[in-house]
Amino acid sequence: MKTSELRRLSTTQPDFRAQLEALAVFEEGANDQIESTVAEVLRRVKTEGDSALLDYTRRFDKLDVTSVAQLEVSQAQLQAALNEITPADRQALEAAADRIRRFHERQKATDWTYTEADGTVLGQRVTPLDRVGLYVPGGKAAYPSSLLMNAVPAKVAGVREVIMVAPTPGGIHRPIVLAAAAIAGVDRVFSIGGAQAVAALAYGTQTIPAVDKIVGPGNAYVAAAKRRVFGTVGIDMIAGPSEILVIADGSTPPDWVAMDLFSQAEHDELAQSVLLCPDAAYLDAVAASIERLLPTMPRKAVIEASLRGRGALILTRSLEDACEICNWLAPEHMELSVKDPNALLPHIRHSGAIFMGAYSSESLGDYCAGPNHVLPTLRTARFSSPLGVYDFQKRSSIIHASAAGAQTLGHIAGQLADTEGLPAHAEAARMRISTAPVAAATPAQPGVSMEPITGDNYEAFAHLRVAPAQSTYVADNWKSLAQVNLHGPAGKAWGIRADGTPAGLLLLWDARMDPDEADRADELYVWRLMIDASQQGRGLGKQAMAWVIEEGRRLGVARIALSHVIANEHAGRFYASLGFAYTGEIEDGERVMHLPLK
Numbered sequence: 216m217k218t219s220e221l222r223r224l225s226t227t228q229p230d231f232r233a234q235l236e237a238l239a240v241f242e243e244g245a246n247d248q249i250e251s252t253v254a255e256v257l258r259r260v261k262t263e264g265d266s267a268l269l270d271y272t273r274r275f276d277k278l279d280v281t282s283v284a285q286l287e288v289s290q291a292q293l294q295a296a297l298n299e300i301t302p303a304d305r306q307a308l309e310a311a312a313d314r315i316r317r318f319h320e321r322q323k324a325t326d327w328t329y330t331e332a333d334g335t336v337l338g339q340r341v342t343p344l345d346r347v348g349l350y351v352p353g354g355k356a357a358y359p360s361s362l363l364m365n366a367v368p369a370k371v372a373g374v375r376e377v378i379m380v381a382p383t384p385g386g387i388h389r390p391i392v393l394a395a396a397a398i399a400g401v402d403r404v405f406s407i408g409g410a411q412a413v414a415a416l417a418y419g420t421q422t423i424p425a426v427d428k429i430v431g432p433g434n435a436y437v438a439a440a441k442r443r444v445f446g447t448v449g450i451d452m453i454a455g456p457s458e459i460l461v462i463a464d465g466s467t468p469p470d471w472v473a474m475d476l477f478s479q480a481e482h483d484e485l486a487q488s489v490l491l492c493p494d495a496a497y498l499d500a501v502a503a504s505i506e507r508l509l510p511t512m513p514r515k516a517v518i519e520a521s522l523r524g525r526g527a528l529i530l531t532r533s534l535e536d537a538c539e540i541c542n543w544l545a546p547e548h549m550e551l552s553v554k555d556p557n558a559l560l561p562h563i564r565h566s567g568a569i570f571m572g573a574y575s576s577e578s579l580g581d582y583c584a585g586p587n588h589v590l591p592t593l594r595t596a597r598f599s600s601p602l603g604v605y606d607f608q609k610r611s612s613i614i615h616a617s618a619a620g621a622q623t624l625g626h627i628a629g630q631l632a633d634t635e636g637l638p639a640h641a642e643a644a645r646m647r648i649s650t651a652p653v654a655a656a657t658p659a660q661p662g663v664s665m666e667p668i669t670g671d672n673y674e675a676f677a678h679l680r681v682a683p684a685q686s687t688y689v690a691d692n693w694k695s696l697a698q699v700n701l702h703g704p705a706g707k708a709w710g711i712r713a714d715g716t717p718a719g720l721l722l723l724w725d726a727r728m729d730p731d732e733a734d735r736a737d738e739l740y741v742w743r744l745m746i747d748a749s750q751q752g753r754g755l756g757k758q759a760m761a762w763v764i765e766e767g768r769r770l771g772v773a774r775i776a777l778s779h780v781i782a783n784e785h786a787g788r789f790y791a792s793l794g795f796a797y798t799g800e801i802e803d804g805e806r807v808m809h810l811p812l813k
């Protein structure tokens, strides 16, 4: 490919905007044959179940089986595949999975509540999806990285069952994919693919249970099927061709940038690779690198077709000018290949993933950096985000009106319902308004809310003061916080606010997430509850423990556990008033108490 064959644009050209818009156009016209085929496949699987699945599997995958159960891959087979792959491959998969898991652990949303002065409690409850379907392409392709990027966040979110489907033409499994499924914790695997697999996940069959959401890439038939079942189930997105946009200042070796452009162009002929730079000489150098390196690439033909059809080298007025073009294109991947990427980051509003600095090649994000590589394409990064834990969680609003709160809210709701012409709404609200005065709680309870302790609020909670009478029984706050952080995902640090003011610490330990504590794997342990010395006597400890009990019920643990120093009889009486009872055990000089939840 000659440098003269590369599309060169400049923001100073009078028709630049029109050329940019033409570059961004991608219209995958509706294919009537694909749509009609998919519609028929969905109809048959929905009405015939396993029978239709077997028919399509025989036709497309050439597998002569008599039951769908024969198409299920056992956990023993997954483990066998994990043992079969090379040590280097296994180490790479495990390292990538660990990094993906650690990144996504930070995305988990949590419950929160606050209490108004009249006792009304408002908040949010976060729960995982029950069951998720994961489509993994088969045939000649093998994408274990895609499997990890989809399955690991689902498991981090707490999804109870992940069901994977993958076509296996001729019954040939790719061990690397099955090994990745074992590492990611996939629960069930079926050797089916195509639109029929999507239909089975969406509607369920006699053997395959229906799921709540379907994620994962596939061919045109899979994409069409996902579009059609959306609404019956959730889907991740309908992905377009891969995209990369590089903003460079000329400080990165041209060969590096050329190879980064190749990294997306090699996906397929419709992929898009764009370079923006205010230095014309640097654009020439990258073009020369492309011409020199392209003949050495095994996928030369695909890369050349992609660069010729949808690639561009664009001369900009400035780096800030380049950022505005990036925001308009809203690319899937973008690299700030500049000396000071932090200076330009505030200018970037729309991109699926942002790679900072010369050493952050896009391919690191594809495999092992940690953030998800399932990203919005076709300018949808203007309003969409990468796949994450939040895609496998739901939020429910909590409204617990007190009797006093119903008096105020009833009048407001009734008035608004009247304006909308909905008399039953109005009457339902007004029926709860008492004709007699309803006293507010006495004494008035503070508005209490719980929030995870992070780097942003650490200082506010670490500096709370322990009451003098309790100081002999507890460690410094910063030591306690450091200890809980050492236990990774099992340890949880919560801050307690009263009327918006930091008022206490609550440190929890979820034994289910600690592999070294199998004998205690069904309990939530209260590691420490501390209320600031200035906030004592307001009932904050009791409200915090009520939240802990509800959290235990939400998590589904069998019991709440805690222990206190033997000499601290006040703590024992307090916890006993909440329903805790001594077990008779002494651990590290402390008396153990349990509150059963099941």
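For my numbering, add 215 to where a residue sits in the sequence shown, where the first one is 1.
Positions of the beta carbon are idealized from the N, C-alpha and C atoms, including for glycine.
Comparing alpha-carbon positions, which option in the options lies nearest residue i?
i	options	result
F445	M512, K609, T531 and L257	L257
V763	L268, L739, S749 and I781	L739
S817	A632, V663, P591 and A440	With the chain covering 216 to 813 only, the question about residue 817 has no answer from this structure.
A759	S664, V772 and G794	S664
P368	R321, P456, G449 and T623	R321
K217	F231, R274, A520 and F676	A520
P469	Q306, E506, L293 and W742	E506
F241	G756, Q339 and E458	E458
I529	P556, A558, E535 and A495	A495
N557	I249, L720 and E535	E535
D276	G353, L293 and L777	G353
G409	D483, A438 and I423	A438
T798	S792, L777 and N783	L777
K694	R806, L393 and W742	W742
I407	V280, Q292 and P343	V280
E484	L522, L559 and H565	L522
C169	E481, T623 and T467	Coverage of the chain is limited to positions 216 through 813, which leaves residue 169 absent and any answer about it impossible.
L344	A644, I300, V430 and D270	V430
K757	R788, R769, V772 and R768	R788
A435	A312, P424, H615 and P456	P456
L490	V681, A537 and I668	A537
L844	D737, G719, R768 and L770	Absent from the model: residue 844. The displayed extent of the chain is 216 to 813, so no value can be given.
The alpha helix (DSSP H) with residue i in it runs from where to where?
i	result
F231	F231 to A239
Y350	No alpha helix (DSSP H) contains Y350, which is instead part of the beta strand (DSSP E) from R346 to Y350.
W626	Reading off the sequence, residue 626 comes out as His, not Trp. Note, H626: alpha helix (DSSP H), A618 to T634.
H640	P638 to R645
A677	Y673 to A677
A537	L534 to L544
Residue i lies in the beta strand (DSSP E); which residues open and close that run?
i	result
C492	Q487 to C492
R223	R223 to S225
V604	Looking at the DSSP string, V604 is not in any beta strand (DSSP E), and its letter there is neither H nor E.
Y582	First-last for Y582: E577 to Y582, but that is the alpha helix (DSSP H), not the beta strand (DSSP E).
I378	E376 to V380
S552	H548 to S552
A369	Segment P359 to A372 is the alpha helix (DSSP H) holding A369; no beta strand (DSSP E) there.
A568	A568 to M571
E802	A796 to E802
P556	Run containing P556: none in the beta strand (DSSP E); it sits in the alpha helix (DSSP H), P556 to L559.
I563	It is not in any beta strand (DSSP E) - I563 carries neither H nor E in the DSSP assignment.
P811	E805 to P811
With a cut-off of 7 Å, does the C-beta of residue i fall near any C-beta of chain B?
i	result
R314	The structure shown has no chain B; it contains just one protein chain.
Whole-angstrom Cβ separation of residue i and residue j, contact assumed at under 8 Å?
i	j	result
G348	V374	That belief does not hold up - the Cβ atoms of G348 and V374 are roughly 11 Å apart, past 8 Å.
F795	H785	In fact, because the Cβ distance is near 14 Å, the residues do not count as touching under 8 Å.
Q608	A372	5 Å
V341	T328	No, V341 and T328 are not in contact; Cβ-Cβ is about 12 Å, not under 8 Å.
A596	G580	A596 to G580, Cβ: 14 Å. No contact.
D265	T420	5 Å
R610	A545	So it is not a contact: roughly 26 Å between Cβ atoms.
H319	V604	5 Å
R708	I746	It is Ala, not Arg, that sits at residue 708 in the sequence shown. That belief does not hold up - the Cβ atoms of A708 and I746 are roughly 15 Å apart, past 8 Å.
G526	Q487	7 Å
Inset, instruction - Ignoring anything shorter than 4 residues or poking outside the segment 702-788, list the alpha helix (DSSP H) runs there in chain order. - result: Listed in chain order, they are 755-770.
Legend entry - the segment 395-406 contacting the segment 357-368, beta-carbon criterion three pairs below 8 Å: yes
Legend entry - Three or more C-beta pairs below 8 Å linking the segment 331-341 and the segment 610-627: yes
Inset, instruction - Evaluate contact between the segment 462-476 and the segment 535-554, counting only Cβ atoms and requiring at least three cross-stretch pairs below 8 Å. - result: yes
Inset, instruction - Report the residue ranges of all alpha helix (DSSP H) runs contained in full by the segment 253-337; include only those spanning at least 4 residues, in chain order. - result: For the segment 253-337, the full-length alpha helix (DSSP H) segments reaching 4 residues or more read 265-276, 290-299 and 302-320 along the chain.
Inset, instruction - Examine the Cβ distances between the segment 496-508 and the segment 558-575 and report whether three or more of them are shorter than 8 Å. - result: no
Inset, instruction - Please determine if the segment 404-417 and the segment 255-272 are in contact, where contact requires at least 3 C-beta pairs separated by less than 8 Å. - result: Verdict: yes, contact present.
Legend entry - 3-residue-minimum beta strand (DSSP E) runs that sit fully inside the segment 442-514, ordered along the chain: As far as the segment 442-514 is concerned, its whole beta strand (DSSP E) runs of at least 3 residues are 458-463 and 487-492.
Inset, instruction - Starting from the N-terminal side, write out each stretch of the alpha helix (DSSP H) that is 4 residues or longer and does not extend beyond the segment 376-425. - result: 390-399 and 409-418
Inset, instruction - Flag this pair as touching only if the segment 621-631 and the segment 289-298 have three or more C-beta atom pairs under 8 Å; answer yes or no. - result: no
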